[in-house]
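**Q** Just so you know, the sequence shown maps onto residues -21 to -1, 1 to 148 in mature numbering (1 follows the signal peptide of the UniProt record, and there is no 0).
Where a beta carbon is used, it is the ideal one built from N, C-alpha and C, also for glycine.
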Amino acid sequence: MRLRLSVLVLWAALVAAPAFATPPDVPLSDFDGRVHNVGTHLGKGQWVLVVAWAHDCHVCEAEMGEMARFHRDYAKKDARVIGISIDGFELRDRARAFVERHRLPFPNFLVEPDQEIMMRFGGGPFYGTPTHYLYDPAGTLVAMSTGSITAQEIRGYIDRKKAGAGAAR
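(1) Inspect the beta-carbon positions of Gln52 and Gln25 and report whether they are closer than 7 Å.
(2) Pop quiz: His15 and Phe100 are said to be a contact at Cβ under 8 Å. What is the actual Cβ separation, rounded to whole angstroms?
(3) According to the Cβ coordinates, are His34 and Asp66 closer than 7 Å?
(4) Cα separation between Ala130 and Glu69?
(5) Can you pull the DSSP bridge partners for Thr110?
(6) Between which two residues does the beta strand (DSSP E) harbouring Phe88 extend?
(7) Does the Cβ-Cβ distance between Thr108 and Cys36 come in under 7 Å?
(8) Using CA coordinates, which residue listed in Ile63, Lys140 and Ala117 is at the minimum distance from Ser8?
(9) Could you pull the DSSP bridge partners for His15 from this structure?
(10) What distance in whole Å lies between the Cβ atoms of Gly44 and Ala117, which are believed to be in contact at a cut-off of 8 Å?
(11) Got a sec? Which residues, its chain only, sit under 8 Å from Pro84 by beta carbon, not counting five neighbours each side?
(12) May I ask which residues mark the beginning and end of the beta strand (DSSP E) holding Arg59?
(13) Just to check my reading of the structure: Val27 and His20 have Cβ atoms closer than 8 Å, yes? What is that Cβ distance to the nearest angstrom?
(14) Excluding sequence positions up to five away, which residues of its chain have a Cβ less than 8 Å from the Cβ of residue 149?
(15) Beta-carbon within less than 6 Å of Met(-21)'s beta-carbon, same chain only, minus the 5 sequence neighbours each way: which residues are those?
(16) Does DSSP put Ala130 in a helix, a strand or coil?
What follows is the structure, given as C-alpha cells:
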C-alpha cells in the first residue's frame, strides 16, 4: 500500500515535468532495424503513453497486461501506448519474445540502454524500467513515472487533466 501511494504521489508530483514545445526527436528502431522517430507518434490529437521496458524486468512483466488493456480500451478513442524496449538490438530476440508473450497490441521499438537517449524523452535522468512518459494530445510531456502504475491510474490522470482544461476555458 505504501509503495502504491508513493507511486501515485510521484505520478502526481511530476505533472510539472519539463515540457517540449515540439515532440522530442528520439530515433527508434523497430525489431527489423528500420529507424523511426518517436516525434512522429506524438501530437496527433491523442494522449500517448510511452512505456520504457526491458525483457528481464519483473515489474514490466507484471504490468504489461495493464498497458495492453489500456491501449485496447482507448486507442480508438483518445489515448494509446507506445513501447520502448531498452534491451538494444543485440537482445532484440528476447525483446521480441516479450512482445509476443504479452501479445502487445501497440507498437514497440528498441533503443540501446543509454542514459543520453532516454533523457531525450524529456523527463530528466532515466532511473530504470518501467518508466512511463505521458504526452498530451499536442505532443507535450505532462508527466513521468518510474515503477509500476495501473491503467486506472493513467486514465484517472488523463481525465483530471481534461476536466481541468475544460474548466480553464
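**A** On the basis of the coordinates in this document:
(1) The question names Gln, yet the displayed sequence has Asp at residue 52. Not closer than 7 Å, so no.
(2) The distance from the Cβ of His15 to that of Phe100 is about 14 Å, inconsistent with a contact at the 8 Å cut-off.
(3) Cβ distance < 7 Å, so His34 and Asp66 count as in contact.
(4) Taken atom to atom, the span from the alpha-carbon of Ala130 to that of Glu69 is near 30 Å.
(5) Per DSSP, Ala31 and Thr125.
(6) Here the beta strand (DSSP E) through Phe88 covers Asn87 to Leu89.
(7) Cβ distance < 7 Å, so Thr108 and Cys36 count as in contact.
(8) The residue with the shortest Cα to Cα distance from Ser8 is Ile63.
(9) Looking at the DSSP assignment, His15 forms a beta bridge with Leu7.
(10) That belief does not hold up - the Cβ atoms of Ala117 and Gly44 are roughly 29 Å apart, past 8 Å.
(11) So the list reads Ala47, His50, Arg51 and Ala54, once near-sequence residues are dropped.
(12) Note, Arg59: beta strand (DSSP E), Ala58 to Ser64.
(13) Indeed they touch by this definition, with Cβ atoms about 6 Å apart.
(14) With the chain covering only -21 through 148, there is no way to say anything about residue 149.
(15) Unreliable positioning characterises Met(-21) in this predicted model, as indicated by a pLDDT of 43, which lies under 50. The coordinate reading is nonetheless provided below. Counting only residues of its own chain and dropping the five nearest sequence neighbours on each side, Met(-21) has no CB closer than 6 Å to any other CB.
(16) In this structure, Ala130 counts as helix in the three-state DSSP scheme.
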